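What follows is a set of notes on a single structure, which appears directly below.
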Amino acid sequence: MTTNLWVEQSWYDYKLRWEPREYGGVHMLHVPSDHIWRPDIVLYNNADGNFEVTLATKATIYHQGLVEWKPPAIYKSSCEIDVEYFPFDEQTCVLKFGSWTYDGFKVDLRHMDEQAGSNVVSVGVDLSEFYMSVEWDILEVPAVRNEKFYTCCDEPYLDITFNITMRRKTLFYTVNIIIPCMGISFLTVLTFYLPSDSGEKVTLSISILISLHVFFLLVVEIIPPTSLVVPLLGKYLIFAMILVSISICVTVVVLNVHFRSPQTHRMAPWVKRVFIHILPRLLFMKRPQYKFDTTRSRFTTCGVVVRCGGAARPLYPYRLAAADDDCCAPGAWPPPAAPARPLTRTPSKEDLTHTTYVQSG
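Numbering (our numbering), first residue to last: 80 to 440.
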C-alpha cells in the first residue's frame, strides 16, 4: 500500500528554551531539522527500504521548548489482502510507527489526541485533506498505542499502530466483469435450444468457453497474486467453465446421435430398454390411449372401426365414402364384395424385345 501523508511530530527539548523579551520578542523560530535532535520514528512494516522521512523540512521551535516537525512522506507498506469476496471486499491495512533506537523509558511515544487513561484513539488520522479515491472508501482509521516487552530487556518498546479499514467501490467491477460473465454463462442454455441441423452448437459453446476464460484472466490481473484463498468470482468462473466444458461434451454426443440413421447405425438393445421401458417409469409417463370419436362420420378409413347405431363394424381395407345412413341401413352390412378384376401379367424384358410395333400411315 502506498500512502502519501504528513507525519506530525512534536516534543519538548529543554535545551531550546529562551526568554522572548531577551531576544527582541521572538517567540518562534524555523530552523533546519538537521540542526536539532529528532526522534528516530520509522515505519516498521516498510516495504521499499526507506524507513525514515526522505525530505527533512524545517522544524518550528517555540520559546517554551516545544518543537513541531511536520514532514511530508510517501510510505510503501506491506498489507495482507483478503480477496475472497472480491470485488465486494473490505481490507484493513496497518501502519506501525515507533522509535528504532530508544525504548519507552527514553521516548514516551503517544498519539496527539490520546486521552488520559486510554491508549486507543477512534480517529487517528486527520482526513480533512484526504483526496477521495476512485477505487476505495475509507471506513475508519483508529490508532492504538502498544507496549511490547522483549525477553532480552526489561524496558518496554512503544509503537503506535494505525488500522486503516477500506472498502472497495464495486460499480466498475459490477458493470465490466460480473454482469458480462453472468450474461455469457446464461448463453450456455441456448446451445441446447439451438437446432442440431444448424451446425453452430459446438461453435457457440466453444465461444462461450473462450469468453469466460478471458474474463478469468482479467480477474487474475486485477487481484494481487496470492495462494491463500481463491476469490468467489474466480470460483464462479471456474465452475462456469467446467459446466460449459460438460455442455460441449453433451452437445457432441447429441450431434452424434442426431445424425445417426438406420443405414449407418443400429440401435443397441440397452438403449431401447432404457428409453422405452425404464425412463418412462421414472418420469411417470404412460403409453397414449387412443380414443376414437363415437359420433357418426361420413368418411371412414381402412383399419378404423365404424360405430353405426351403437354397433361396432369393421371396414374393408379400402377407403369407403358412404353416408352413415346407408352404412347403418338394414341389409347394408356387410357391404357388397368388390367386383373381381382380371389378373394381368407384367410383361417381361423378353416380351418387350420381341414385340413388333406397326405404325399405319
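For every residue, glycine included, the Cβ atom is placed at its ideal position computed from N, Cα and C. The model shown is predicted, which means the values in this text are computed figures rather than measured ones.
Might you give, ordered along the chain, the residues of its own chain that have their beta carbon closer than 6 angstroms to the beta carbon of residue 217, omitting 5 neighbours on each side? The count along the sequence shown starts at 1 and reaches residue 217 at position 138. For residue 217, where only same-chain residues beyond five positions count, the Cβ hits under 6 angstroms are 245.
Tell me the DSSP bridge mates of residue 199? Taking the first residue of the sequence shown as 1, we reach residue 199 at position 120. 223.
Here's the rule: buried if 16 or more other CB atoms are within 10 angstroms of the residue's CB, otherwise exposed. What is residue 277? Here the question's residue 277 lines up with position 198 in the sequence shown. It is exposed - the Cβ of residue 277 has fewer than 16 other Cβ atoms within 10 Å.
Can we say the segment 316 to 327 touches the segment 277 to 291, given the rule of at least three CB pairs closer than 8 angstroms? Touching, yes, given that three or more Cβ pairs across the two stretches are closer than 8 angstroms.
By the DSSP assignment, the alpha helix (DSSP H) with residue 267 in it spans what residues? For the purposes of this step, residue 267 is taken as residue 188 along the sequence shown, with counting starting at 1. From DSSP, residue 267 is part of no alpha helix (DSSP H); its letter is neither H nor E.
So, using beta-carbon positions, are residue 223 and residue 204 closer together than 8 angstroms? Along the sequence shown, read from residue 1 onward, the residue named residue 223 stands at position 144. Along the sequence shown, read from residue 1 onward, the residue named residue 204 stands at position 125. No, Cβ-Cβ distance for residue 223 and residue 204 is not below 8 angstroms.
Taking the Cβ atom as the reference point for each residue, do residue 138 and residue 120 lie within a distance shorter than 8 angstroms? Stepping through the sequence shown from its first residue, residue 138 is reached at position 59. Stepping through the sequence shown from its first residue, residue 120 is reached at position 41. No, the Cβ-Cβ distance between residue 138 and residue 120 is not below 8 angstroms.
What are the partner residues of residue 151, as DSSP defines its beta bridges? Here residue 151 corresponds to residue number 72 of the sequence shown, with the count starting at 1. In DSSP, residue 151 forms a bridge with 85.
Decide if residue 251 is buried, meaning its Cβ has at least 16 other Cβ atoms within 10 Å, or exposed. Locating residue 251 in the sequence shown gives position 172, counting from the first residue. Residue 251 comes out exposed.
Spatially closest choice to residue 82 from 271, 351, 242, by CA coordinates: Taking the first residue of the sequence shown as position 1, residue 82 is located at position 3. When only C-alpha atoms are compared, the closest one is 242.
Express the C-alpha separation of residue 211 and residue 268 in angstroms, rounding to a whole number. On the sequence shown, position 189 is the one that residue 268 refers to. On the sequence shown, position 132 is the one that residue 211 refers to. Roughly 43 angstroms between the two C-alpha positions.
I need the boundaries of the alpha helix (DSSP H) containing residue 169, first residue and last residue. Taking the first residue of the sequence shown as position 1, residue 169 is located at position 90. Unbroken run through residue 169 is the beta strand (DSSP E), 169 to 178; no alpha helix (DSSP H).
Please indicate yes or no: does the CB of residue 83 lie closer than 7 angstroms to some heavy atom of the ligand FAD? For the structure depicted, the ligand FAD is absent and the ligand set is empty, with no information on it obtainable.
Residue 117 lies in the alpha helix (DSSP H); which residues open and close that run? As a working note, residue 117 is residue 38 in the sequence shown. Segment: none, residue 117 is in no alpha helix (DSSP H) and carries neither H nor E.
Considering Cα atoms alone, identify which of 311, 150, 158 is closest to residue 113. The residue given as residue 113 occupies position 34 in the sequence shown. Nearest option by C-alpha distance: 150.
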